[in-house]
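Each remark here refers to the structure printed beneath this line.
2 protein chains.
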Amino acid sequence: MSRSTRTNGAARAVISDKREAILNAAVKVFAQKGFFNSKVADVAGEAGIADGTVYLYFKSKDEILHSIFDRAMEEFISEGKREISEIKEAAERLQRIAELHLEKLGADRNLAIVFQVELRGSTKFMEEFSAAGFAEYLEIIHQTIEEGQQTGIFRKDLNATVCSKILFGALDEMVTNWILSKKPYPLAPIADEVLKIFFGGVLSK
Amino acid sequence: MSRSTRTNGAARAVISDKREAILNAAVKVFAQKGFFNSKVADVAGEAGIADGTVYLYFKSKDEILHSIFDRAMEEFISEGKREISEIKEAAERLQRIAELHLEKLGADRNLAIVFQVELRGSTKFMEEFSAAGFAEYLEIIHQTIEEGQQTGIFRKDLNATVCSKILFGALDEMVTNWILSKKPYPLAPIADEVLKIFFGGVLSK
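Okay, structure coming up:
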C-alpha cells in the first residue's frame, strides 16, 4: 500500500466519521424538534461542529433527511438480505423480515419518529422515497410472497402485491402506534401477533 | 318564531357557509402546496375572501388543519354509524366500514392527501389526532371485531386490538399508495382484496 493510498484512506475515514456524526445528530434533532422546525445550526450544535462544516457534507437540510433515510434503509436491507439468504422456507423468511422491521425501529425511538412522522409530511419526500430504498424493501416482501405461492405454502388466489402492502401497512401502523403511545412497551414481540393474523389469511389450508 | 330568532338563524347559516368555504379552500391549498408551505393568505385567496376574514373563523393555520380533520371524521363516523346500524352480522359490518374508508378518501384526492401526508408530518398533530376522532373510528372497528368474536364468527384466540390496527394499517397503506401512484386507478375496489386476506386470517374455520 503506498503512502498516498494510506493517507487517502485515513482522510476518507475522517470524512465518514464526521458525516455519520452529523446524521446521528440530525436524527435526534429532527425527532425532538420536528424537521420543519429544525435548523441546520441545531444539527451542527448537536454534533458539536460549526454550522458551515455541515455544508461541506450536505447541500441542505433536505439532503440530510434523505441521507438519514438512505443510510437506514441500506443497513436494514443489507442485513435483511444476509439474514434471509440463510432461510429456505418463504413463511419463515417473511417472519424474519417482519421481526427485523420491528426490532430495528423498536431499538431506536428517534429514528422511528423520523421514519414514521418526519418523512411522511410532504408528498415530495414520499414520492421520492417510494421510488428509492423503500421500493426495494417492498419488493423483497413481494418476492418472498410470490415464492411462497410457487411452492404452494401461500394461497395462489391472492394478489402478491396487495399481500405485501397489507403486511407492510400492518407493521407500519404498529410502529406509529408505538411512537405515539404514552405507555412504553416493547415493539418487536408484536411481529408475532401481526403474523398470526397475516399467515391465517395467506397460508394455504 | 320571533324575528330575532330568524335573523340569528340566517346569520348562523352565513357563518357556517363561510366557514365551510374556508375549509374547502384549505383542503385544496394544503394538498397542493403542503401545509408547512401554505400561508393563511393562500387559503383566503382560494376562498375569495380577505385574509383578515379567515381569522374571524379560525385562530391559526393549525386550527384550520384541525378543523379539516374534525369535520371529515365527524361526517365519516356519523355516516358509518348510520350504515352499519342496519347491518346485523359483524363481518358484513366490517366489510362496509372498509369500503366506506376507501370510498370516502378515493372520492376526494385533495382530502386524501391532507389525511395521508399533511396530517402525518408532526408528532404533535399525530398525538392530538389519535386522542380525538381517530380513536373513535378505531374503536368502532375494535368493537365490531369483539362482537364477531363473541358470536363466534371471528377467531377468539386473536387480540382484537391488534386485529383492528392491522385492518386500519392495511387500508391506510392502500390510500397512501393510491395518492402516490403515478398511474390513476379506482381506490374503493381494493377493499375486497384487503378483506379477502384479512378475513382469511380472522374468520373462524
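Sequence order for the protein chains is F and A. In terms of our numbering, the first sequence has 94 at position 92, counting the first letter as 1, and numbering is strictly consecutive. In terms of our numbering, the second sequence has 177 at position 175, counting the first letter as 1, and numbering is strictly consecutive. Just so it is clear, CB atoms sit at the ideal spot from N, CA and C, and this is done for glycine as well. Everything numeric in this text was worked out from a predicted model, so none of it was measured.
**Asked** What does K167/A touch in chain F if you count any residue whose Cβ is under 7 Å from its own?
**Response** By Cβ distance, chain F contributes E175, M176 and N179.
**Prompt:** Within the 9 Å Cβ cut-off, does C101/A reach chain F?
**Reply:** Note on identity: in this sequence residue 101/A is Glu, with Cys being the wrong assignment. Closer than 9 Å: no.
**Asked** With burial defined as no fewer than 16 other Cβ atoms inside 10 Å of the residue's Cβ, what is the status of G171/F: buried or exposed?
**Response** By the Cβ-count criterion, G171/F is buried, with 16 or more other Cβ atoms from all chains shown falling within 10 Å of its own Cβ.
**Item:** Within chain A, partners of F78/F - CB distance below 9 Å
**Value:** Simply none; closest approach about 18 Å.
**Asked** So A190/A packs on G82/A, CB below 8 Å; how close in whole Å?
**Response** About 15 Å separates the beta carbon of A190/A from that of G82/A, a gap too long to meet the 8 Å contact definition.
**Message:** Tell me the rounded alpha-carbon separation between A1/A and I147/A.
**Reply:** What the structure shows of chain A is the stretch from 3 to 207, and residue 1/A is not part of that stretch, so it cannot be assessed.
**Prompt:** What separation, rounded to the nearest whole angstrom, lies between the Cα atoms of I168/A and E195/F?
**Reply:** About 10 Å.
**Request:** Measure the beta-carbon distance from T55/F to I115/A and round it to whole angstroms, keeping in mind my assumption that it falls under 8 Å.
**Result:** Contact between T55/F and I115/A does not hold, since the beta-carbon distance rounds to 37 Å and is not under 8 Å.
**G135/A versus A52/F: straight-line alpha-carbon distance, rounded** = Going by the C-alpha atoms only, they are around 45 Å apart.
**For E101/A and N10/F, the rounded distance between their alpha carbons** = Cα to Cα, N10/F sits roughly 60 Å from E101/A.
**Asked** Counting along the chain, where does the alpha helix (DSSP H) carrying K167/A start and finish?
**Response** Here the alpha helix (DSSP H) through K167/A covers A162 to L182.
**Request:** Using the Cα positions of L96/A and F200/A, report the straight-line distance between them to the nearest angstrom.
**Result:** Taking C-alpha positions only, L96/A is separated from F200/A by approximately 11 Å.
**Asked** Which of helix, strand or coil does DSSP assign to A13/F?
**Response** DSSP places A13/F in helix when its eight states are reduced to three.
**Request:** Take I66/F as the anchor and find which of E149/F, Y139/F, S183/F and F38/F has the nearest alpha-carbon.
**Result:** Selected option, being the one with the closest Cα: F38/F.
**Item:** Interface residues of chain F facing V204/A [CB-CB closer than 9 Å]
**Value:** Listed along chain F, the residues sitting closer than 9 Å to V204/A by beta-carbon distance are I199, G202 and G203.
**Request:** Please decide whether F60/F counts as near chain A, where near means a Cβ-Cβ distance under 9 Å.
**Result:** Against chain A, the CB of F60/F has no partner CB under 9 Å away; the residue lies outside that interface.
**Request:** Would you kindly report the start and end of the unbroken alpha helix (DSSP H) that includes L104/A?
**Result:** A92 to G108 is the span of the alpha helix (DSSP H), which, as asked, contains L104/A.
**Message:** Within 10 Å of its beta-carbon, does E120/A have 16 or more other beta-carbons around it, so buried, or fewer, so exposed?
**Reply:** With 16 or more other Cβ atoms within 10 Å, it is buried.
**Asked** Three-state secondary structure (DSSP) at F156/A?
**Response** F156/A falls in the strand class under three-state DSSP.
**Item:** Candidates K35/A, G203/A and K20/A: closest to A162/A by CA position
**Value:** Considering only alpha carbons, the answer is G203/A.
**Sequence-distant residues of its chain with Cβ nearer than 8 Å to R73/A (five each side left out)** = Spatial neighbours of R73/A in its own chain (CB-CB distance under 8 Å, excluding positions within 5 residues in sequence) are listed in chain order as L25.
**Asked** What three-state label does DSSP hand L140/A in the structure shown?
**Response** In the structure shown, L140/A sits in a helix (DSSP, three-state: H, G or I).
**Candidates F32/A, R98/A and M176/A: closest to S69/A by CA position** = Per the Cα distances, F32/A.
**Request:** Give, in chain order, every residue of the stretch 133–167 of chain A whose Cβ lies closer than 7 Å to some Cβ of chain F.
**Result:** Listed by position, the residues of the stretch 133–167 of chain A near chain F (Cβ gap below 7 Å) are L160, N161, V164, C165 and K167.
**Request:** Taking only beta-carbon positions, decide if S40/F is within less than 9 Å of chain A.
**Result:** Any Cβ of chain A closer than 9 Å to the Cβ of S40/F would place that residue at the interface, and such an atom is absent.
**Request:** Could you confirm whether any beta carbon from chain F is found closer than 9 Å to the beta carbon of S4/A?
**Result:** With a pLDDT of 49 at S4/A, under the threshold of 50, the predicted position of this residue should be treated as unreliable, though the coordinate-derived value follows. No, its Cβ sits nowhere closer than 9 Å to a Cβ of chain F.
**Request:** Starting from G47/A, follow the alpha helix (DSSP H) in both directions and report where the run begins and ends.
**Result:** Residues V42 to A49.
**Request:** Could you name the residues of the same chain whose beta carbon sits closer than 6 Å to that of H103/A, not counting the 5 residues immediately before and after it, in chain order?
**Result:** Counting only Cβ-Cβ distances below 6 Å, and skipping sequence neighbours, we find L173.
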